[in-house]
Structures are given as C-alpha cells and as structure tokens.
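Q: Pasting a structure here, questions to come.
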Amino acid sequence: GAVWRRPPASDAPAEKKPALPAPALLVVGGLAARSAVRAIARGPAPPLRATIGQREEAELVKDAPPGPLGLVLRALTLALIFSPPLLLSWLAYLFPLFRDRVWYGLVTSSLARAGTAFIKWGQWASCRPDVFPTALCAALSRLHSQAPRHGFKHTEAEVVSALGGKSIADSFDSFDREPLASGSIAQIHRAVYQGRNVAVKVRHPNVVKQIVTDFILMRAVADTLAKVFGVSGLKASVTQFSGTMVAQTRLDIEAEHLRRFGWNFAYWRDVSFPRVFFASEAVLIETFEPGDLVSTYTTDRTLGITTDLTGGPGVVSGQDTGGGGRAGELAK
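Whatever position you read off the sequence shown (first residue = 1), add 5 for our numbering.
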C-alpha cells in the first residue's frame, strides 16, 4: 500500500523577519521608561467619593425634613417671590422689547431671591442658548457670580470652625472681607494662605435645609402634574437633580473631584485644576486660578458682550459646579 513519507527539508534558509532599527528601539524604550517614571512619580489615583462611600448622594442630608407648616410657609414665600414675573407675563408675551429689557431681568431677580435650587437651574439655563432665548441666557448669566451674598460674620465663623478654632488672622497672611463673587451654594473670598494666593469658598447658611424643602415642593408639583395632566418623567428628573444638588453642597466632595481631575490631567500642558489645600463640608481652600466663564464663548460672544474681570479667578470645578471659569464658576 501507499506509504506516507515526510518531505525532505528544504536547503533554503528560513526567511527572517526584519528587526527594528536601533534608533527606533531607543525611542520606544525611552518612551516606555518615561511612562514608567511618570506613573511612579504620580503615584496611585486619589480616592474618589471616599467621603460618601457607597451611599446615595441624597442620604448626605443631615438636616431633618421640614414639617407641614414649614412647607406651607416656603410655598407662600416662593409664590410671593415669583409673583412679579408671573403677573407681567402677558406683557412679555405681547411686547418683545419689554420681555427682553425688563421681564427677563425680573425672572433673574426672582430666581436669585428664591434660593439655591432655583439659582442652580438659572445657571444651567444661561449656558443653553440652543434651548432658551439668547437674551434670557444673557440675563441669567448674572447668577454665576452675582447671587445673594452672606455676611462676613458667617464666613468667619465657618472658617474658624473648619480650621479647628484658629482665627483667620492666625491662619492666613491676608483675607479679603468682601467676597469676590457669590454663587448658589457658596461665595468666594480671596486670601493668601501659606504664602500662596488662594480662593476660599465658604458655603452659604441653611443651604442644605433650603434645598431639601424646595425639592419636596418640586416633587409634589411634579407628582400633581403627572396625575392631572399626564406629564411623565418629571418627578424622576426632579428626584435625580435633587440628589446631585445635595452632593454639591459638600465642599469636601468637590475637593475629591478636584484632586482626581488634577491627577487625571497631570501631564496635560493646556489643562490645569486648582490645588486643594484644605477642605471640609462647608469650607474649601484652593489655589487661585485664572479662567473664563463658559458663557464667554456662548451667549457673550453671540451678543457681543465683553466683560473685564481681571481680578476674577476661574476654575474647572468638580460639579456646579460644582464648571469652568471666572469667579462665579468657582463659587458655584
């Protein structure tokens, strides 16, 4: 029968794959060595969300929920605050000039007086000229840095408490009593800390309690709209937004985000984030960084607005905001 035999080995030498030239090997080896050195120098990633662990953000609230009387009083207060733009809405509908020059300003003022949750919505809306009228976005952009401010007495009490009882004079080389800017959750004071120019963010009083009250009312309104008019999804959206807002009141969580952003972008030449010196729930001390508001490149550019804020800090914040740019973004 047929017998299989291995074919004789070829006398031709095996074809060799071309080797990388020596210069290429040096380049690849150098890049690998540089990456290894950078990784060692940068160290492990800073912990993210270590302050809250695995808990839901909404569970960060330590304040007791308001009672029925508190809810009724807050609802009446909000009704009074928003009554001017509501009563004049028919004029805004009929006369565009009145709407652009007067009514949008009334809406902005009402949002500023209504408190944190409403200011935060106004800040978001101001950056969306694709959704809202450009003139409205321009009016709402004032909420980034011109939100209501608290007095220096509250600032001093919060800073002294956060720093373990040390006075501001003992802790800082200098500290501006007048805030540089104010946002929905906190305001910014410029200072010199350990020889460095810093921005000191101090949370407004009663922010968490007011947010909890407002979102209880918002959820009740959303639930009513869903049952009466069939508006679906609004209650879930309000609930999600409320949890995010509560987390933004914790400045120590914002500090965690800043540290992680700084670690992630450590070797980006064109991207920088403030360096955190100290953080507690109500006080955040970080380097003073220059920058611009997002609205500088959206509504301001569209309307031809130029703003000179040579002294304003700007940061890319973990939430807000939380955002990036000028004093207001830093203030949330």
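Beta carbons: idealized from backbone N, C-alpha and C, even for Gly.
#1: Where does Asn269 sit, in a helix, a strand or coil, going by DSSP?
#2: Examine the Cβ distances between the region 145 to 152 and the region 125 to 137 and report whether three or more of them are shorter than 8 Å.
#3: Within 10 angstroms of the Cβ of Tyr272, are there 16 or more other Cβ atoms? Answer buried if so, exposed if not.
#4: Would you report the Cα separation of Leu30 and Ala41, rounded to the nearest angstrom?
#5: Are the CB atoms of Pro279 and Ala186 within a distance shorter than 9 Å?
#6: Between Thr292 and Arg201, how many whole angstroms is the CB-CB distance? I'm expecting something under 8 Å.
#7: From Glu294 to Gln192, what does the alpha carbon distance come to, in whole angstroms?
#8: Does the beta carbon of Ala122 sit closer than 9 Å to a beta carbon anywhere in chain B?
#9: Taking all protein chains shown into account, do 16 or more other C-beta atoms lie within 10 angstroms of the C-beta of Ala27, making it buried, or fewer, making it exposed?
#10: So Ala46 is in the alpha helix (DSSP H); what residue range does that whole segment cover?
#11: Buried or exposed: Glu183, going by 16 or more other Cβ atoms within 10 Å of its Cβ?
#12: For Leu141, which residues from the same chain have a beta carbon less than 6 Å from its beta carbon, with the 5 sequence-adjacent residues on both sides left out?
#13: Which residues share a DSSP beta bridge with Phe180?
#14: How would you label Thr121, buried or exposed, when you count the other beta carbons within 10 angstroms and need 16 or more for buried?
A: So, from the data block:
#1: In the sequence shown, counting from the first residue as 1, residue 269 sits at position 264. Assigned with DSSP and collapsed to three states, Asn269 falls in helix.
#2: The region 145 to 152, when compared against the region 125 to 137, does touch it at the 8 Å Cβ threshold.
#3: Residue mapping note: residue 272 aligns to position 267 of the sequence shown, counting from 1. The residue in question, Tyr272, is exposed, as its Cβ has fewer than 16 Cβ neighbours within 10 Å.
#4: As a working note, residue 30 is residue 25 in the sequence shown. As a working note, residue 41 is residue 36 in the sequence shown. Take the alpha-carbon of Leu30 and the one of Ala41: they are about 16 Å apart.
#5: Mapped onto the sequence shown, residue 186 falls at position 181. Mapped onto the sequence shown, residue 279 falls at position 274. For Ala186 and Pro279, no; Cβs fall outside 9 Å.
#6: For the purposes of this step, residue 292 is taken as residue 287 along the sequence shown, with counting starting at 1. For the purposes of this step, residue 201 is taken as residue 196 along the sequence shown, with counting starting at 1. Correct: roughly 6 Å between the Cβ atoms.
#7: Taking the sequence shown and counting its residues from 1, the one referred to as residue 294 is at position 289. Taking the sequence shown and counting its residues from 1, the one referred to as residue 192 is at position 187. Cα to Cα, Glu294 sits roughly 16 Å from Gln192.
#8: Chain labels in this structure do not include chain B; a single protein chain is all it has.
#9: In the sequence shown, counting from the first residue as 1, residue 27 sits at position 22. Exposed, since its Cβ has fewer than 16 Cβ neighbours within 10 Å.
#10: In the sequence shown, residue 46 corresponds to position 41, counting from 1. For Ala46, the uninterrupted alpha helix (DSSP H) segment begins and ends at Ala27 to Arg47.
#11: Residue 183 sits at position 178 when you count from the first residue of the sequence shown. Looking at its Cβ environment, which holds fewer than 16 other Cβ atoms inside 10 Å, Glu183 is exposed.
#12: The sequence position of residue 141 within the sequence shown is 136, counting from 1. The residues are Tyr109.
#13: As a working mapping, residue 180 is identified with position 175 in the sequence shown. Answer by DSSP bridge pairing, in chain order: Ala196.
#14: What you label residue 121 is simply residue 116 of the sequence shown in a count that begins at 1. The residue is buried, with at least 16 neighbouring Cβ atoms inside 10 Å.
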